[in-house]
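**Q** Numbering (our numbering), first residue to last: 177 to 524. C-beta: ideal position from N, C-alpha, C; glycine also. First the structure, which I've put down as structure tokens, then a few questions once you've had a look.
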Amino acid sequence: GTSSRARGEKPDALAALQSANEELRAKLTDIQIELQQEKSKVSKLEREKNQEVKQIKEHEQHKSTVVVTELKVKLHEEKMKELQAVREALLRQHEAELLRVIKIKDNEIQRLQTLLSSVRDGAPDKVKTVLLTEAKEEAKKGFEVEKIKMQQEISELKGAKKQVEEALTMVIQADKIKAAEIRSVYHLHQEEISRIKRECEREIRRLVRVAIYIYEQQLDEKDARRFQLKIAELSAIIRKLEDRNALLSEERNELLKRLREAESQYKPILDKNKRLSRKNEELSHALRRMENKLKFVTQENIAMRQRAGTIRRPSSLNDLDHSQEEREVDFLRLQVIEQQNIIDELSK
């Protein structure tokens, strides 16, 4: 009864699932339709927005064009007004200059007409006197002007010369004062150096006397004399070493130079030496491993011989392994010796 009831419930559950699936599919279809509609609305809104932005841009561009045009017109008008004002000012200035020149020419014409009338009246001497007087006055005026200019230039040159002489005197005095100060400081430094040197020498002599006294108190007379002789020898050696130190410094610089050149030349050899050293270490490790293995095989072989108690067979597997291990060890030893010889030669 239970199994039949379960079989009856199973089709009902399948039918319910199918109906629910159909409902979900229908809802999904509706949602997809709504989504497509929303996408269409969004696209439409974007197009409208782009169109509106385009219209706004065109409007703003038109406004800016109108403003620029108005500004250009206004600027042109202001420029024309300024040009007109400048033209009028220049015309007034030109008219004033013309009036001044005309006035000068009129005075000159009037003067010449007076002279001409005097000549016509038969007074050539008087005209000549007047002309000479005018020429003298003109020359005198020009001379006075040049004289005043020359006097001004001479006064300026005298003032400049005085300033230069005063500056030169001040510089010379300052140099003298500075030279005196430098000489004074130099003498003071020399005196200070001499004083420090004397004090150092006195202190050194005192310390030497104290050291000799202490050693004489600690040593007997024979040791003291020997110690004094030793001090004298060491002092002589120190002087020789100080003399030799300068030569050694020069030799050291030369050797450093040669060392740098040699390092640049021997750097590939040193790199090769390092590689060979690493390879030698690897071969040494391999040799130690093979020796340990050989020792282990030998011990195992001896134990097997003792257990077997039989006559040793030269064709046994242990003998073959032992001989093979010995050959490998000998080969590795030869390689290590060869690498070590190469390293020794390169090190020399």
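Counting only C-beta atoms, is Gln286 closer than 7 Å to chain B at any point?
**A** Looking for chain B here will not work: only one protein chain is present.
**Q** If we ignore side chains and look at the alpha-carbon of each, how far apart do Ile353 and Gly335 end up?
**A** As a working note, residue 353 is residue 177 in the sequence shown. As a working note, residue 335 is residue 159 in the sequence shown. Spanning the two alpha carbons is a distance of roughly 27 Å.
**Q** Report the rounded CA-to-CA distance for Thr243 versus Lys257, giving the unit in angstroms.
**A** On the sequence shown, residue 243 is found 67 positions in, with the first residue counted as 1. On the sequence shown, residue 257 is found 81 positions in, with the first residue counted as 1. Rather than Thr, the amino acid found at residue 243 in this sequence is Val. Each residue's alpha carbon lies about 21 Å from the other.
**Q** Going straight from the alpha carbon of Lys279 to that of Val340, what length do you get?
**A** Walking along the sequence shown from the start, residue 279 turns up at place 103. Walking along the sequence shown from the start, residue 340 turns up at place 164. About 50 Å.
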